[in-house]
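A.B. asks: So the number in our numbering is just where the residue sits in the sequence shown, counting from 1, plus 6. The structure's right below; bear with me while I get my questions together.
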Amino acid sequence: RAPKLFEKLLTKKLKYTRTHHRNGARWTHDVAAMQGWSDVFGTTDKAVVEALAKEEDLTMQWEGKNNDTFVSEYVSDAFQLHPQTKQPVWFNHAQVFHPTTFPADLVAAFRRTKQWRLLWHAARVTAFSMIWYGLLRQKMALHVTFGDGSAISPREMHIIRSAIHRNMVFNRWQQGDLVMIDNFSTSHGRQPTYDKGRKVVVAWSDPVEKSDLLSSIDDANAVASEEMSIFG
């Protein structure tokens, strides 16, 4: 169990930082690199981008030599209460936006599939991550910390990732298969693989607006009593 980590997640929350360069402005090794901001927002007008960011309550700034790199931050709870069952759920992307995750997921995929290329890829990505993100202190395009800006250590992320891996279910897809999930209580994703021709189409229905569901001490206590087991 990791009560100290749980307490940090509950009280400090999580801060997400997203970095979008202008389209075609930069080539990068970053495994988390995303679309340019002009593609994301559908405009090259910075004033329009700033207005849209304000509507979404994003803290943002322009960085780079020409102030053409869009960087945004927002803080969010690590846990939420299900809108119907009112049960506490793990509701965040912490493990996705951490530099240790991609190498670790490649190793986990190798253990399941025995595809040696995955292990070789994991070794290369691990070496790159140690140099680029560790020694050179570069920031991922998608980056996560605790809400106060302090780093989530590799050990803490290992605990989180292990809890997620213990609860994973793998579906052996066949052409035409359809899987329906409650995405508020069940995450979805794709695992690293060298399968050729695989195409998975994802769609959402009946979206739920995320709200401040942990607004009271009672809510926080409910999460503390129900969610602690995931770190066991």
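Just so it is clear, CB atoms sit at the ideal spot from N, CA and C, and this is done for glycine as well.
Would you kindly work out how many angstroms separate the C-alpha atoms of Thr107 and Ala133, rounded to a whole number?
C.D. replies: Roughly 13 Å separates the two Cα atoms.
A.B. asks: Between the segment 15–29 and the segment 150–170, are three or more C-beta pairs nearer than 8 Å?
C.D. replies: Yes: at least three Cβ pairs fall under 8 Å.
A.B. asks: With a Cβ-Cβ cutoff of 8 Å, do Ala128 and Val113 count as a contact?
C.D. replies: Yes, the pair counts as a contact, with Cβ atoms nearer than the cut-off.
A.B. asks: Please give the ranges of any alpha helix (DSSP H) in the segment 100–181, keeping only runs that are unbroken, at least 4 residues long and fully inside the region.
C.D. replies: Fully enclosed alpha helix (DSSP H) runs of 4 or longer: 107–119, 122–135 and 160–172.
A.B. asks: For the putative contact between Pro105 and Phe190, defined by C-beta atoms under 8 Å, what is the C-beta separation to the nearest angstrom?
C.D. replies: So it is not a contact: roughly 27 Å between Cβ atoms.
A.B. asks: Would you please state the rounded distance, in angstroms, between the beta carbons of Met146 and Phe97? I believe it to be under 8 Å.
C.D. replies: At roughly 21 Å, the Cβ-Cβ gap does not stay under 8 Å, so Met146 and Phe97 are not in contact.
A.B. asks: Can you pull the DSSP bridge partners for Trp96?
C.D. replies: DSSP output for Trp96 lists Phe85 as bridge partner(s).
A.B. asks: Figure out for me which residue from Asp74, Pro198 and Met66 has the closest Cα to the Cα of His27.
C.D. replies: Comparing Cα-Cα distances from His27 to each of Asp74, Pro198 and Met66, the minimum goes to Asp74.
A.B. asks: Could you spell out where the alpha helix (DSSP H) holding Leu15 opens and where it closes?
C.D. replies: Leu15 -> alpha helix (DSSP H) spans Pro9 to Lys18.
A.B. asks: Using only alpha-carbon positions, find the residue among Gln180, Val54, Ile165 and Thr50 that is nearest to Gly203.
C.D. replies: Closest option to Gly203, Cα to Cα, is Gln180.
A.B. asks: Apart from the five residues on each side of it in sequence, which residues of its chain come closer than 7 Å, Cβ to Cβ, to Arg196?
C.D. replies: Excluding residues within five positions, the ones whose Cβ falls inside 7 Å are Val206.
A.B. asks: In angstroms, rounded to a whole number, what distance separates the CA positions of Gly70 and Phe76?
C.D. replies: Straight-line Cα distance between these residues: approximately 9 Å.
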